[in-house]
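Residues in the sequence shown are numbered from 416 upward in steps of one, following the numbering used here. Ideal Cβ placement from N, Cα and C applies to all residues, glycine included. Heads up, the thing below is written out as structure tokens.
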Amino acid sequence: MMLKKLTKKKNILKALIITIAAGIAFWLFWVLRLSGESMPIGHTIGLSGGNFTPAIGKIREITISGTIDEPIELQLSIYDGKELIWENNYVIPEIKGMNFSIQQFEKDQELELGKKQYDVRVEIDGKISRTGHIRLIEYNGSYKVFYLKLSLLCLVGIFAFTLFLQNKNVKIEHKYFFIALYCGLLFNFVMPPLGVPDEEAHFLEAYGLSNTLLGKEVKQDNYVLLDEADKNSIIYLHDITSITEWHQTFEIKRSTESVQKADMQSTVGSKAPWTYLPSAIGISLARILNIHGNPLLLLGRIFNLLFEVGITALAIKLLPYAKTYICVLGLVPEVIYLYGSYSYDGINLCLCILIVSYFLHLYGQEKIKIRQLGILGFLMFLMIPIKLIYVFMALLLILLPVRKLNLNKKQCVIGGIAGLVVLVVIGINIVPVIKNAVGFNNVTVGEENLDTWNTLSYALQNKLNTAHVFLRTIFGYTGEYLYNTFGEIVGKGRYNYWNTFTGFSGMRIAIVIMMILALEDSNRNMLSRVKRCIAVGITGMIYLGVFVSLFFIFTKKSETRIMGIQGRYFLPCFTMVPLIVKNKFFNLQINREKICLYGMTFCDILFAVLMFIHYATNYFT
């Protein structure tokens, strides 16, 4: 009893020391990096006018949002009571919804106002659709309050998980679930709304499915129908100018029961709508509770996070070995970033992990039942329509030991029918890809004709050029792609441009070391050398499949490299590592599980802080 109390006190003391050290690091981050940064503060004014109270008293920029089909004239006036103190006229060209800057003041030449209420009057000559608004933007605000909240969140997490990870009675899959969930929520604390690649389109798909779940009309003229409050708040969240302002947008209420068309069409074209079910449930719950804006967005993200982290935890439980490796992979910052968003890349990845895990689970059994084989086939059936390039994972079926498949005639027939269904699904998904590659879809996209893009016929006619593009991309950029796999964060900035945060090299090196360390128990790999080589071949096909697909889908004939490749596309390749690697070199007498989980938890927390710094100083400004 005394020993238990002594151990408990020792663990608490250790947790306190680590937390205090982390607190000092957070303070140094502030002093050395953020204390001198200025934060933009935006004031939203409706197109009918309104009032605002400056926080600093210096206006640096004026923007407008809306859809303008032809140029309009706009007069903007600011009054102090009845006294006109500033006025300007603008001719605004054709714009499509996003924040459009109509005036920027030079530094030290800002529009100076007092810290009191002013009236803004707007006169428009012309037509502007969509729920538009004008924003008056100040600078020189401070990030201190938000950074303090983030620091406290991180420090509480560090203290809790330092104690949690020292508990030997907690299973590794449970440790993973709570660590990944915490890190995912932490990431969502700093991830801007709709800032993940294509997240706007994914959100619309989820919202459309929510309409179906709630028995409402889904689309009109191919545009997703949104509740008025949701459309207005989403537009508003698109145009915010500071991370603090974003966190102050939690009280947006429904004004009417009317529905409006989204101003943007979903472009993801998913043939697997079920992938949006978790986030659609979160959105539906928010709508039932009359919650809109930022909380609605977050609930959709959180339900996605819960589902994908839960699937990964289940996969870890099923694994006969390499549990620590999958924990590390599931805690890679890029993975947590995807799990906590609307993107279907997260669901695709956790399904790949579950497929590999269940395959190894079956491989280690004495006999494989038809039901178990059906479950593995069903998982592949779910995964294939999401992204066709990962269809090669279905070849894992040929690696199962035939001697363990004790099937009768009836079961063989059922298996054959199931296999045929899977082939039909593959065929349905591959036909559009083939048509595009061959060049049958000779249609116009914007002002560009698809014949400006690579096709199979063009590739075959220009073999040397095609080979050059592939070789240049594979051998010239593979290092960059793999480098970004372990820490690339891509966000969409204020003016609809993409900005990329890639962390720093030291963190990537630490993650790779932990992944190697986590594979120590891979000496339990049951696959023969031949089967491991086949697994290498499957991984290679997935890897090359990324290049081939984006060569035809995203690359113009004029390009000298394959465009559109991102590190996240290669994450499923790393799920195959437990099948390939067999450790014959080292057996360290250390607690690998604790070291790896500690290391990845701290990496994710550090990454959240760095991501905040990046977004606070680049995304919103």
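Query	Result
Beta-bridge pairing of E476 - partner residues as DSSP gives them	Q519 and I552
Assigned secondary structure, G982 (DSSP; H/G/I helix, E/B strand, else coil)	helix
Uninterrupted alpha helix (DSSP H) stretches inside the region 725-751 (no shorter than 4 residues)	738-745
Proximity to I924 [Cα-Cα], best of I487, R947, N899 and P688	N899
Candidates G547, M454 and P469: closest to C526 by CA position	The question names Cys, yet the displayed sequence has Leu at residue 526. For L526, the nearest C-alpha among the options comes from P469.
Rounded C-alpha distance that separates L449 from Y757	30 Å
C-alpha gap between V992 and M930, whole angstroms	10 Å
Start and end residues, beta strand (DSSP E) containing E502	E498 to I507
Close beta carbons around Y505, own chain, < 6 Å, minus the five adjacent residues each side	L489 and I517
Sub-9 Å separation of L934 and Y773 beta-carbons	no
Residue environment, G547, which counts as buried when at least 16 other CB atoms sit within 10 Å	buried
Coarse secondary structure for R448, derived from DSSP in three states	helix
Three-state secondary structure assigned by DSSP to M1026	helix
9 Å Cβ cutoff met for N466 and Y533	yes
Which listed residue (L609, I493, N637 and Y638) has its alpha carbon closest to that of S648	L609
Supposed close pair F718, P693 - CB separation, criterion 8 Å	5 Å
Same chain only: Cβ atoms within 6 Å of T954, ignoring 5 sequence neighbours per side	C988 and M991
N584, enclosing beta strand (DSSP E) - first and last residue	Element bounds for N584: n/a, residue is neither H nor E.
Under 9 Å between C-beta atoms of L815 and I783	yes
Assigned secondary structure, Q532 (DSSP; H/G/I helix, E/B strand, else coil)	coil
Coarse secondary structure for T859, derived from DSSP in three states	Reliability fails at T859, whose pLDDT of 37 lies under 50, so the model's placement of it is uncertain and the value that follows must be treated cautiously. Of the three classes helix, strand and coil, the one that applies to T859 here is strand, per DSSP.
N-terminal and C-terminal residue of the beta strand (DSSP E) that M808 is part of	Unbroken run through M808: none, as it is neither H nor E.
Status (buried if at least 16 other CB within 10 Å, exposed otherwise) for L431	exposed
7 Å CB neighbourhood of L499 in its chain, flanking five on each side removed	S492
Proximity to G1014 [Cα-Cα], best of Y958, C598 and F793	C598
Endpoints, alpha helix (DSSP H) assigned at N466	Segment G465 to F467 is the beta strand (DSSP E) holding N466; no alpha helix (DSSP H) there.
Contacting residues, own chain, Cβ-Cβ under 6 Å from R939 (five flanking each side not counted)	Y736
Presumed contact (8 Å Cβ cut-off) between V535 and I460, rounded CB distance	5 Å
Nearest residue (CA-CA) to L1021, options S453, K424, S566 and V560	S566
Spatial distance of R947 from L812 (CA atoms)	13 Å
Local Cβ density within 10 Å of D645, reported as buried at 16 or more and exposed below that	buried
Whole-angstrom distance between H617 and G464, CA atom to CA atom	33 Å
7 Å Cβ shell around L1007 - same chain, five flanking residues per side excluded	Looking at the sequence shown, residue 1007 is not Leu but Arg. Cβ neighbours of R1007 beyond the five flanking positions: T739, L932, A933 and E935.
Buried or exposed by the 16-neighbour rule on C-beta atoms within 10 Å, applied to P748	buried
Proximity below 9 Å, CB of L640 to CB of I703	no
Any 3 or more C-beta pairs closer than 8 Å across the region 424-443 and the region 574-581	yes
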